[in-house]
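These protein sequence lines are chains E and S, in that order. Under my numbering, think of the first position of the first sequence as 426, with each following residue one higher. Under my numbering, think of the first position of the second sequence as 421, with each following residue one higher. Note that the Cβ used here is the ideal one computed from N, Cα and C, for glycine as well. Note that this is a predicted model, so its numbers are computed, not measured.
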Amino acid sequence: MSMSVSSLPIRSYDPDETPATAASLSAAAQKRQEYLARLLDLAQSSQPVTRWVQELRDRAVPLVQAQAFPTTRDEEWRFTDLSALLDVPLEVFRPNRVSTAAIAPFVLPEASRSRLVFVNGVYAPELSAIANLPDGLLLGDLSDLEGDARLPHYLGKQPGSEELFTALNTVGLRDAAVLLIPRNLVVETPIHLLFVSTTGETPIFTQPRCLVVAEPSSAVTLIEDFVTIGAGTYFTNPVSEIWLEENAQVNHTRLQRDSQNAYHIGKTAVSQARDSRYTCNAVSVGAGFFRHHLTVYPNGEQTETHLNGLTMIAGEQVSDTHSAIALSRPHCTARQLHKCIIDDRAHAIFNGKVFVPKTAQLTDAGQLNRNLLLSPKARIDTKPQLEIVADNVKCTHGAAVSQLDANEVFYLQSRGIDAASAQKLLVYAFAYEILNKIPLASLRQTLSEFVTAQTH
Amino acid sequence: MIIENSPVILSVKDLTANVDGSQILKGMNLEIRAGEIHAIMGPNGSGKSTFSKVLAGHPDYEVTGGEVIYQGKNLLELEPEERSREGVFLAFQYPLEIPGVSNLDFLRVAYNSKRKHQGLEELDAFDFDELVRDRLDVVKMDPAFLNRSVNEGFSGGEKKRNEILQMALLEPTLAILDETDSGLDIDALKIVANGVNQLANETNAILVITHYQRLLDYIVPDFVHVMANGKIIRSGGKDLALELEARGYDWVLEAAATGVA
């Protein structure tokens with residue numbers, strides 16, 4: 426395994442480097458470049474509202490222009506072939522109304538008065554519900570809150586903002602879910618951010634955005650939920666930035682249940698100040714092509730980071746989780762458990778990096794990726810990657826790939842349970858370890874039913 | 421108990437079976453009648469556990485010859501779950517852990533699959549709860565165990581008690597206990613044995629597979645069989661177990677080799 430701590434999963438941007446000219450490119454490379462130019466056009470076509478957001482957007486444009494559309498020759502995209510996207514002709518979203526009834530299946534009773542809804546990345550106040558929230562809590566769309574002097578300090582400021590798809594999102598930045606929890610406030614009600622994609626005749630390109638700032642000693646439970654109405658094709662490129670200040674606590678559930686024909690390339694960037702505690706429960710069951718790039722930067726001592734992940738895919742789905750925890754200070758704890766359930770000809774990718782540099786002595790880090798293959802054609806590419814330079818640390822990592830254990834199926838059969846039901850029960854039991862960490866009972870129930878129904 | 425002319429529950433004739441291509445059972449013969457308790461003892465590798473798994477229908481074990489008639493039916497033609505619903509029960513040497521599935525839900529699914537097979541109405545959660553709480557007493561189990569995941573974090577003794585609780589609910593006609601006593605301290609062993617004794621009656625039969633004579637002080641067998649090299653080489657009453665405990669297996673093996681009974 427490679428052991429270089431400098432290889433953070435970030436493309437460096439060199440402003441002096443000029444992109445290759447079209448003439449010198451192969452036809453395939455030219456197609457990629459044209460597609461990226463098209464995405465940039467679509468992103469720029471949205472109208473920003475204020476000057477500081479416009480400046481942020483303007484700074485992101487050359488970042489995109491300087492980069493090439495990724496291929497499987499790029500190490501970070503080796504197993505994740507994006508070329509099918511190049512054949513999807515995208516349009517920007519033209520508003521269409523979504524009824525309250527249409528989103529009813531996604532409403533969480535625990536968060537019935539703390540919900541923001543975005544339809545194809547555009548704020549939908551008529552579907553949102555905000556009432557009786559504690560004083561000082563900021564929850565709303567960027568366009569309503571952009572006068573708040575604190576926001577420019579955080580928005581677009583996470584490390585890695587220069588990465589291609591993150592910068593692309595910033596180029597089109599207009600609406601954004603904003604949540605700011607003031608100092609010492611413990612928010613009892615979970616906050617639900619619902620990102621709805623609708624599908625129509627033409628595939629659309631959407632770029633949801635989210636900013637969460639948890640001020641010192643505050644605490645919040647956050648549900649980010651990516652859902653679809655309809656089963657069509659679209660490309661969504663969401664970016665979420667989460668800031669935990671000193672001693673803050675964020676319990677974040679990220680649920681991806683997009684259309685089976687969707688492309689979803691998502692980014693979650695998290696920065697943690699000292700003594701803060703961040704948990705991410707990332708559950709991904711939808712999209713034909715899914716990539717989640719989850720990066721956590723614990724920047725102070727004694728932080729805790731818990732990343733729990735569950736991927737459940739079938740058919741021809743491709744689902745890729747790239748995570749990185751870049752530790753930098755002593756006495757920090759990082760725990761990651763990522764599980765994949767892969768059926769049919771589906772393909773899962775897991776690449777989990779944990780960086781423990783010299784400055785991160787007394788780190789306690791553990792990482793495990795467990796995969797359950799339900800079909801002989803199912804595929805997993807896994808690379809748990811621990812890069813340790815510090816010499817006084819406790820670190821473990823590993824990956825396991827298995828099929829359903831014949832002894833386990835037999836045990837259940839010997840109690841009168843038929844083989845198909847036994848399989849459902851065992852798949853559920855495999856998923857349970859992650860599902861059980863989701864803090865909302867209604868969501869746990871929904872997902873448990875999904876996992877059971879999905880197994881065949 | 422031995423009952424004159426009681427019906428035959430299990431009849432095994434010249435049974436042979438392979439695991440991974442090598443022959444483990446080499447001509448098993450055994451007849452068990454209603455009301456009887458049989459014990460099979462024997463050295464490691466004699467094929468005891470293989471025999472129990474073949475009876476329960478484990479897919480890794482390939483039957484190559486002979487027959488197994490259970491209550492007049494060809495047992496070998498049935499799927500494992502059908503054998504269970506017909507009243508064959510195997511208490512596992514190493515019970516499986518199923519995180520995320522509550523013991524109560526697991527027991528109810530198992531119980532109802534048998535009810536359904538019998539053409540009876542399935543019990544709802546409320547009625548089943550009442551039934552299971554009643555049966556907990558058989559193995560002196562704390563009701564708190566019902567809400568925990570199946571066998572997860574259970575001690576060895578608790579897992580074996582949980583197996584007997586399943587037996588108490590499923591009320592098998594033929595119960596096979598595969599080394600249920602292994603690894604149990606004396607208190608747990610007494611609880612397990614006492615549970616089995618409460619469940620034994622004149623209409624069912626119990627087959628106990630064990631390494632240790634100690635168990636047979638608590639579950640008193642009507643017949644003791646010694647297995648070696650894939651078949652039964654000697655059968656007797658409960659005194660045979662005591663003799664084996666005192667003298668070991670070598671004399672039985674030698675007697676079998678020289679043809680002296």
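Taking all protein chains shown into account, E666 (chain E) has 16 or more neighbouring C-beta atoms within 10 Å of its C-beta and is therefore buried.
Boundaries of the beta strand (DSSP E) harbouring E649 (chain E): A644 to I654, taken from the DSSP string. I842 (chain E) and T614 (chain E) have their C-alpha atoms some 41 Å from each other. L563 (chain E) and Q492 (chain E) do not touch by the CB rule: their CB atoms are close to 33 Å apart, not below 8 Å. Counting only Cβ-Cβ distances below 7 Å, F835 (chain E) has contacts in chain S at H478, P479 and P500, in chain order. The residue among E:V517, E:R498 and E:E516 with its C-alpha nearest the C-alpha of S508 (chain E) is E:R498.
Inclusion of S867 (chain E) and L552 (chain E) in the CB contact set at 8 Å is not warranted, their separation being larger than that value. Taking Y722 (chain E) as the centre and dropping the five residues before and after it, the same chain places the C-beta of P584, S696 and A751 closer than 6 Å to its C-beta, in chain order.
At least one CB atom of chain E sits nearer than 8 Å to the CB of I518 (chain S).
Per DSSP, W502 (chain E) has no beta-bridge partner at all. Three or more Cβ pairs closer than 8 Å define a contact, and the region 488-502 of chain S falls short of that threshold against the region 511-523 of chain S.
Residue environment analysis places W671 (chain S) among the exposed positions, since fewer than 16 neighbouring C-beta atoms fall within 10 angstroms of its C-beta. In this chain, A675 (chain S) is not harboured by any beta strand (DSSP E); it is covered by the alpha helix (DSSP H) spanning D670 to T678. Per DSSP, the unbroken beta strand (DSSP E) holding T436 (chain S) starts and ends at V428 to V439. When E:V544, E:P487, E:P530 and E:E571 are compared, the shortest CA-CA separation from W477 (chain E) is found for E:E571.
Sequence-distant partners of G711 (chain E) (beyond 5 residues in either direction) whose C-beta falls short of 6 Å from its own C-beta, in its chain, are Q681, R682 and D683. C-alpha of N832 (chain E) to C-alpha of E501 (chain S): approximately 14 Å in a straight line. Annotation: the region 440-478 of chain S contains the following complete segments of the alpha helix (DSSP H) (minimum length 4 residues), in chain order: 468-476. Within the DSSP bridge table, the entry for A530 (chain S) names no partner. By a beta-carbon distance limit of 8 Å, S533 (chain S) contacts R505 (chain S). Their separation comes to about 6 Å. When rounded, the separation of the alpha-carbon atoms in D601 (chain S) and K493 (chain S) is 30 Å. Counting the other CB atoms within 10 Å of its CB gives Q674 (chain E) a total of 16 or more, which places it among the buried residues. Fewer than three Cβ pairs drawn from the region 615-623 of chain S and the region 650-659 of chain S lie within less than 8 Å of each other, which leaves the two stretches out of contact. Comparing C-alpha distances from E482 (chain S) to each of S:G441, S:E578, S:V640 and S:R568 shows the shortest one belongs to S:G441. Proximity of I767 (chain E) to chain S, defined by a Cβ-Cβ separation below 8 Å, is not satisfied. With respect to chain E, the C-beta atom of Q586 (chain S) has a partner C-beta closer than 8 Å. Counted as a single uninterrupted DSSP element, the stretch harbouring R699 (chain E) is not any alpha helix (DSSP H), since DSSP gives it neither H nor E.
Around the CB of F548 (chain S), 16 or more other CB atoms lie within 10 Å, so the residue is classed as buried. For A803 (chain E), the closest alpha carbon among the candidates E:S642, E:N609 and E:E741 is that of E:E741.
Residue state for Q810 (chain E) is assigned as strand, using DSSP reduced to three classes. Take V743 (chain E), set aside five residues on each side of it, and the residues of its chain with a beta-carbon closer than 6 Å to its own are F714 and H772, in chain order. Cβ proximity to chain S below 9 Å picks out nothing from the region 671-686 of chain E. Remark: fewer than three beta-carbon pairs, one from each stretch, lie closer than 8 Å, so the region 458-475 of chain E and the region 573-581 of chain E are not flagged as touching.
In the displayed model, Q674 (chain E) falls within a strand according to three-state DSSP. Considering only E:E671, E:V852, E:D512 and E:D650, the residue with the shortest C-alpha distance to R795 (chain E) is E:V852.
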